[in-house]
Every structure is written in structure tokens, then in C-alpha cells.
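Working notes, beginning with the structure itself.
2 protein chains.
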Amino acid sequence: MTNVDLQAMGRRAKEAGRQLGLLSAEARAAALEAIARALETAGDALQAANEADVQEARAAQIAPSLIDRLTLTPKRIQGMAQGCRDVANLPDPVGEIFDAKTLPNGLRIAKKRVPLGVLAVIFESRPNVTIDISALAIKTGNAVIMRGGKETLRSNIALVELVRRACEEQGLPADVVQLITSTDRALVPELLGMDDVIDLVIPRGGTGLQNLVKEHAKMPVAFGGIGVCHLFADATADVPKSIAVIRNAKIQAPSVCNALDTVLVHRDIVDALVPAMVADLNSHGVEVRCDEASLRALEGAEGINRELVTAAQPEDYGKEFLALVLSVRVVDSLDEAIAHIARYSTNHSDGILTSNYANAMRFLDEVDSAAVYVNASTRFTDGGQFGLGAEVAISTQRMHARGPMGPKELTTYKWIIQGDWHVRP
Amino acid sequence: MTNVDLQAMGRRAKEAGRQLGLLSAEARAAALEAIARALETAGDALQAANEADVQEARAAQIAPSLIDRLTLTPKRIQGMAQGCRDVANLPDPVGEIFDAKTLPNGLRIAKKRVPLGVLAVIFESRPNVTIDISALAIKTGNAVIMRGGKETLRSNIALVELVRRACEEQGLPADVVQLITSTDRALVPELLGMDDVIDLVIPRGGTGLQNLVKEHAKMPVAFGGIGVCHLFADATADVPKSIAVIRNAKIQAPSVCNALDTVLVHRDIVDALVPAMVADLNSHGVEVRCDEASLRALEGAEGINRELVTAAQPEDYGKEFLALVLSVRVVDSLDEAIAHIARYSTNHSDGILTSNYANAMRFLDEVDSAAVYVNASTRFTDGGQFGLGAEVAISTQRMHARGPMGPKELTTYKWIIQGDWHVRP
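Protein chains in written order, with the numbering used here: chain W, 69 to 493; chain U, 69 to 493.
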């Protein structure tokens, strides 16, 4: 049993969202500025809460890299404040009128962009996500109910209290941002059944969370964050430039969803590309899992770290490594590369490396991923890099939004129809 | 047990959809023209299948109005053929490039409109729907798996065979259109679990079907078709014009989702509006269920058919009558009208009747329905009336699309990014 009343939270979120949706863009931006100032002056209370989380994580012998992720430093807090101001300064999507027209019968008809309503976001253990999501929700006129990881519960409570006070100061209902303060797992299925209140669930986590959400969610879900990403080097790929793109896509941030997982290599370029590519990746600590044909190309090659080269197993294709590991497969044609991607990709980010115009166009047409690339690193799939200003998730679904979801993707529209006492003939 | 292998149908649909998505708009339009010709020359085989459905429906003592709906006449078949040509002539949404830009770093980025993939449509007993949906799916490059009502099973089998032959003739894979030829109810939950294949489910039916879909569907759903629609006559409404709009919204097609269900009347206009409105509606056979205040306004009024006036019960608000029945309630203010709509509307179509500019604007801003009207009949909520050319459903959800869903709403987009060997800094 827990003392969290999700139904009551839901009702409060719905009412707060309704009120927020009626406020001006200026009022919402002022609240974001107030949150930024509150972060900058939060001082000891926030630090103490975070310190308690860090102590407990250390006691639980959590991996140092994870402890680092949950630690709030003054610099990180300043970064969170700046993030709020950046979101405040983005163009406001709410209220935009589009597709406006006057019909032949004189009816004036248009679409007006409106908030989605109430968001539920379930995420892991970085406290800056708490502020990012709060800021994006307020920006877009949505109420949000958040559930963070248990490792940052105290930090999140402190941060959400700070956000709610800043909202109230600026005349926004505090309940636009609510945190589920219990880590009882039974609450998640209950939350996912509240389709009368919650308009969109955003699960930010691994396949376990995604499957739980798929099983229980009665409302729409923005799935994202699982990226099995491919680059295909065709027979005409520029070898040194291809290696630079592959290196960037693999090593810059191996634990994120737009990191490269599999390189497909056209048979005609295997000897030119594979030994040099593997030597380069090995030198950056990347383990390369090769199919037979690419292994053969490495025989006698120089600069290879034999400890970082293994024979690929079937499960190494279609796998999101989230680490300095890459699988390689040789294909005979563009068709075979496209078929491999159709079978193994999660349709997040896939690209071709080529100097051939027709191949580039065919790849763009026939590969149906959220982001399809020619001669660029998959690492660009990101709201900031795409010019959206911020993102709440990278959608790998097909409905509503694909790829980076920015402020606009957290809105919907309504039709507004103005008549002169029109009746339908 | 049934001999329908849904999994195999799903695999065929996915592959057929992939192939269809690569065909040109011209090839898809040619298939629609071939279907139109096939309908015009279908002759006896189609008539015989439909006649068997009609005979069985008569034997089952189904209501004559329903039997009429499922009967195919030469005129109706001609109408279906014309419908295919109309869809063929609509602008093609697939392949549209939008939001294109070159980023400061030289990356060329754009969104390209692509088909959703595989649709599943579950619908009731009008055979023309089978052709409408087939045509819209082919137009938008989507494969579709349909399940129609059992009363039209033979007609649907004949129609789908005709569509598939026409597709094959034109070089489209026949499996872009498939019909579930068993009416075994257990197949529906199985279909709703196939989220690996089906990208969107469209249930066209009542609350029973919608609840079944909500319970079982693992993929996105376009819910629609349930409209509890309101018109609010404020104190400044023009009385004769209001009555004309209310009459149109209520009586033109009482069994459809955009028909009017409840009239809210500002207290200041009750005596001027209610007796004349009720007399008018009664004269068209409409039963009016009145709250106390509106009943009082009818005391001693002329032209009222007392058999068609009753006291409203609480359940008469928030009810989709789908018949010549209307509920009336008197409110004290615009706020009270908006609150009533927020509580009882299904957020399909709601409107205000007013001569007051500020009230019109507040209503448009604060009522959050898919279609919000000023001085026009709710009957206009329709893909054809809104200029979309055709519609597959009227969405009452918030994600992806609201209101009439036309060809464009059956598509999604992918990001295409063309670089000059760009790496992320």
C-alpha cells in the first residue's frame, strides 16, 4: 500500500492543464524564467537532498558512472537554469493558426494548435531530466505527472517543489507539474490505466519499461529511445571520410540511442574499407564483431587489436549495444543492405555512405526509418541538432511524430469553424 | 477454430504495403480507376452475393432500415465507382517534402510524407465502406486488413475480390487489400495484438467495439464516431437563425456522429427561443427532453406537441441519442455552458450561437473539441465538407489527428538528412 492517490493527482493535473492552456505565452515564459532563477538561488536545500541520494547510491554500490549521472554540481544546476531559459526563448507553438481557408460557402475554417493536455513521463535517474520535462511541459501548455528513478527521489522532490513554487509565484497552478513521490512499482500499471486523464505517456527507459507500458497503457504512448542504427558503405563510399563518420557515430556517445550499432559494407569495398576501419575503431577501444567475409579481409592486416575483433553471432545483428561494440556485415548489393535494415533496424536512424547519386536517392526512398541519412553521422538525430530547440523523446513510432519530438510535437490542434449561421445543405 | 491465419495475412500486408509505398502516385491512381471500371462492369456476381446477404438478413428479421443500408443497387454501385474516381483525383499526400531547411552546418534536412504502413479497419454493415476504405488505403500507399459486419460478408468478399483483381491487373500487389473472411469474434483480440504488423487500428462502430479495442489494442488506434454534440445559444443569439441551425444539426441525419444532442440556452433568451425552437423541432418529429427552466418556458406555449416533450433525466446529458431526440438545459452564463460542455461532451463538435464577438472568441478558445463552431451547424464536421475530399473516420482523440481524417491523416513522415560526410562536433 502507498499513500499516493493517483486518481486525485490526475484530476488536479487535468484542471491545472486546462488553466495553463488559457494563459498567454508570456505568462508561461515568465514561469520558466522564475524556475531558472529559483535553481540559481536554490543553494543548500537542493544540494542536501542530492547529497543524500548520492550517499545512498554509494552505499548501494551503484556503478560510479551512474552515481556521476545523478550528482548535481553547481555547474550542472546552472546548466539546468540555462536550459529553462533556452526553452523559454523558443518559438511558442501554442495558439498557432494554420491551414486556414474560407470555403466556397463562406465558412471560415482553420486549425488552431493546442496543448495535448496531460502528459505522464516515466524516466530514469538523471535529475536534469526532471527540469527538462517540467520546462517543456510548461512551455507547451501541458500538465505533467512524472515518475523518476528511485536513486534520485530526494533530488526530484526538491526540484519539483522548487518548480511548483516558481509556478505559483507567477500565477500558474502548481499542479501543472506533479511528481509521484512513491517508488512502489504497482503505481505504474495504475497510472497506465488512467486514459480518462492522461493524453500521452512517454516512457524514457529500456525494453523492460517499454514492454510494461505496451502491456498496460490504455492511452497513446510515445515510444522512443531504442535505436539499432546502421550505416551502409556502398561500393563508391569515400574510405577515409566513411571511417570518420563511422567513428563519430560509434564512439562519441556509445550509450545513447543514436549511436551506431552495425556497419554494412558492399563486397566491392571490403578490402579498402574494413581493415582501415577496424584498425581505427580498435584504436578507440571499439570491439568489432565481424561476419566471415569481413573477418577474412582482416587476415594479415596491420593495426588490428586482435582482442577487439570477434566473429559475429546471429544475435549481434539487430542489437543495440549501448557500448563500444559494433557489428559488421558484408552485403552484395544495395538491395541486400536495405533488406538487412528492414529486418534488423528499430527504424530510428540509418544511413548510407556513398558517392553515387542514384544509390543515395534509392536509400532515402526505400529505408523507412524516423531519420534516414546520406553521408552523415547518425549522432545528428537529436532535437537540438535538428533545430527543434529541445526534445522530450526520440519517437520510433509512426503515429503523430517520428524522430525528435520538440515543443510542437507536444501539441495537437482543434478545428475552429466560424460561420454566418450556416446550415449544411 | 477458424481457418483464418491472421499472422500470415499480416506478413502479406506488410510486404504488400512496402511495395505499394514504392509505387508512383500515377500507379496508385490507375488502380483506383481500374476498381471503378470493375465496379461498373461487375454485374451479376456482385448482385448475387449481395442478394444472398439481403435474403439472410430478411430471414433474420433485421430492421428494414438496416437491410436498406446493406442493399447494393445499380445506383449505389455507380456511386461507389464515382467515389473511387473522386479519391483518385485528390491531391496525393505521399512523398510531399515539407519543413525543408539547410542547417548552419550545411546539413540538408527535410520531412518526407510516407504511408503509415498497415491499417486494420473494423466496421459495420455498409458494403460501400469496403470500397471507401480500400480506395483511401491505396491512395495513401497503405495496406489494409478489413473486418466487416457479418450481415454483408458475402458482398464484402465479392467486393474485395474485385478490388484485388483490379490491383493485380495494374501491377499492384493484391495483398494491399485483404478481408478477414471469418466472423469468429475471437479473431478481433488476436488482430489487436499484432502490433508488430499493424500500424493503426480504426474501429468504426459503437462503444462496445471501442471498449474492446481499448482493452486489447497494442498499437495506436484512431477512435472516432462517438459525438455528444452541443450548441449553446447565448443571450445575444438571433432566434430564427438559431432555430434554423439547431434544426439542421438535429434532423438532417440524426443517426450520425455529428448530429446535435444537447442545446444549452442562456437564461436571458429562454422565453424568446425555447417555445419557438421546441415547436419547430416537434413539427419535425423531434422529442425534446427539457430541464425545469425550459419546461417552464413551454407552459401555455402554442405549437408544442406535448407527446414530444418530456422532463430531462440526468442521463439525458452526455448522451448520444442517434435519433430524433434532443435534450435542453438552461444555463446562467457562458462559463456555465463551457463547464457543461467540458463535462459532458465527447469533444467531437460543439458550437456557440451568438451575436457577441467576445463570447464567440472565448468559446473558440476555451472549448477544446475536435471541431468548435460559431454560428454554424455541427453537421459540417465531415471530411468532404471540410475540403479533405474523403475521410476514413472522425477522430475524437488528441494525438496525430483530430476531427475528420482524410488522406493526409493516413500518412506519417520520415526525416531525410543529406550531408557532406558530416560528423557531430
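Don't be surprised by glycine CBs; every beta carbon is placed ideally from N, CA and C.
Item                                                                                                                                                                                                        : Value
Within the 8 Å Cβ cut-off, does U/Glu-164 reach chain W?                                                                                                                                                    : no
If you measure between the beta carbons of U/Gly-474 and U/Thr-449, is that distance less than 8 Å?                                                                                                         : no
Please classify W/Tyr-481 as buried or exposed, where buried requires at least 16 other C-beta atoms within 10 Å of its C-beta.                                                                             : buried
Hey, out of W/Val-460, W/Tyr-441, W/Thr-109 and W/Asn-415, whose CA is closest to W/Glu-388's CA?                                                                                                           : W/Asn-415
When the Cα atoms are used, what is the spatial distance from U/Ala-117 to U/Gln-146?                                                                                                                       : 17 Å
Starting from the C-beta of U/Thr-422, find all residues in its chain whose C-beta is less than 6 Å away, skip the five residues before and the five after it, and write them out in chain order.           : Asp-302, Thr-304, Ala-305 and Ala-428
Starting from the beta carbon of U/Phe-300, find every residue of chain W whose beta carbon is closer than 8 Å, and list them in chain order.                                                               : Within 8 Å Cβ-Cβ: nothing; U/Phe-300 doesn't reach chain W, min ~14 Å.
Inspect the beta-carbon positions of W/Asp-329 and W/Ser-417 and report whether they are closer than 8 Å.                                                                                                   : no
Can you find the residues in the same chain that come closer than 6 Å, C-beta to C-beta, to W/Glu-477, ignoring five residues on each side of it along the sequence?                                        : Ala-469
Quick one: what's got a C-beta closer than 6 Å to U/Ser-202's C-beta in the same chain, skipping five residues either side?                                                                                 : Val-231 and Val-245
Once DSSP output is grouped into helix, strand and coil, what is the label at U/Ile-337?                                                                                                                    : helix
Is there a Cβ from chain U that is less than 8 Å from the Cβ of W/Asn-559?                                                                                                                                  : Residue coverage of chain W in this structure runs from 69 to 493, which leaves residue 559 of chain W outside it and unanswerable.
Assuming U/Cys-152 is part of the alpha helix (DSSP H), what are its boundary residues?                                                                                                                     : 142-157
Can you give the Cα-Cα distance for W/Val-411 and U/Gly-209, rounded to whole angstroms?                                                                                                                    : Here residue 411 of chain W is Arg; the residue named in the question, Val, does not match the sequence. Approximately 20 Å between the Cα atoms of the pair.
Where does U/Asn-443 land, buried or exposed, given buried means 16+ other C-beta within 10 angstroms?                                                                                                      : buried
For U/Trp-483, write down the residues that DSSP places opposite it in a beta bridge.                                                                                                                       : W/Ala-439 and U/Lys-179
In chain W, which residues lie less than 9 Å from U/His-284 when you measure between Cβ atoms?                                                                                                              : None at all; the shortest Cβ gap to chain W is about 10 Å.
Taking only beta-carbon atoms, is W/Phe-448 less than 8 Å away from chain U?                                                                                                                                : yes
Any idea if U/Gly-446 is buried or exposed, counting beta-carbon neighbours within 10 angstroms, 16 or more meaning buried?                                                                                 : Note on residue identity: the sequence assigns Thr, not Gly, to residue 446 of chain U. Buried, by the Cβ-count rule.
I need the DSSP call for W/Ala-380, collapsed to helix, strand or coil.                                                                                                                                     : coil
Does the beta-carbon distance from U/Val-398 to U/Asp-359 come in below 8 Å?                                                                                                                                : yes
Should U/Gly-455 be flagged as near chain W, meaning a C-beta pair shorter than 8 Å?                                                                                                                        : yes
Pick helix, strand or coil for U/Ile-372, following the three-state DSSP scheme.                                                                                                                            : coil
Would you give the residue range spanned by the beta strand (DSSP E) that W/Leu-299 belongs to?                                                                                                             : 297-301
Flag this pair as touching only if the segment 232-240 of chain U and the segment 92-108 of chain U have three or more C-beta atom pairs under 8 Å; answer yes or no.                                       : yes
Buried or exposed, going by whether 16 or more other CB atoms sit within 10 Å of the CB of W/Gly-371?                                                                                                       : exposed
Express the C-alpha separation of U/Ile-225 and U/Gly-216 in angstroms, rounding to a whole number.                                                                                                         : 10 Å
How about U/Val-494 and U/Ala-98: do their beta carbons lie closer than 8 Å?                                                                                                                                : Since the first residue of chain U shown is 69 and the last is 493, residue 494 of chain U is not available in this structure.
Mind checking W/Glu-383: buried by the 16 CB within 10 Å criterion, or exposed?                                                                                                                             : exposed
Decide yes or no for the touch test of the segment 308-327 of chain U against the segment 273-281 of chain U: beta carbon pairs closer than 8 Å, at least 3 of them.                                        : no
For W/Gly-295, count neighbouring Cβ atoms within 10 angstroms of its own Cβ and tell me buried if that reaches 16, exposed if not.                                                                         : buried
Between U/Gln-486 and the rest of its own chain, which residues show a CB-CB distance below 7 Å, the 5 nearest in sequence each way excluded?                                                               : Arg-176
Report all residues from its chain with a CB closer than 6 Å to the CB of U/Ala-391; omit the five preceding and five following residues, and keep chain order.                                             : Pro-322
Roughly how many whole angstroms lie between the Cα atoms of U/Arg-144 and U/Arg-80?                                                                                                                        : 31 Å
For the segment 71-78 of chain U against the segment 259-272 of chain U, do three or more pairs of beta-carbon atoms, one drawn from each stretch, fall closer than 8 Å, so that the two count as touching? : yes
Since I believe U/Leu-259 is in contact with U/Ala-495 (beta carbons under 8 Å), could you give me their beta-carbon distance rounded to a whole number of angstroms?                                       : Outside the shown range of chain U, which is 69 to 493, sits residue 495 of chain U, and nothing can be said about it.
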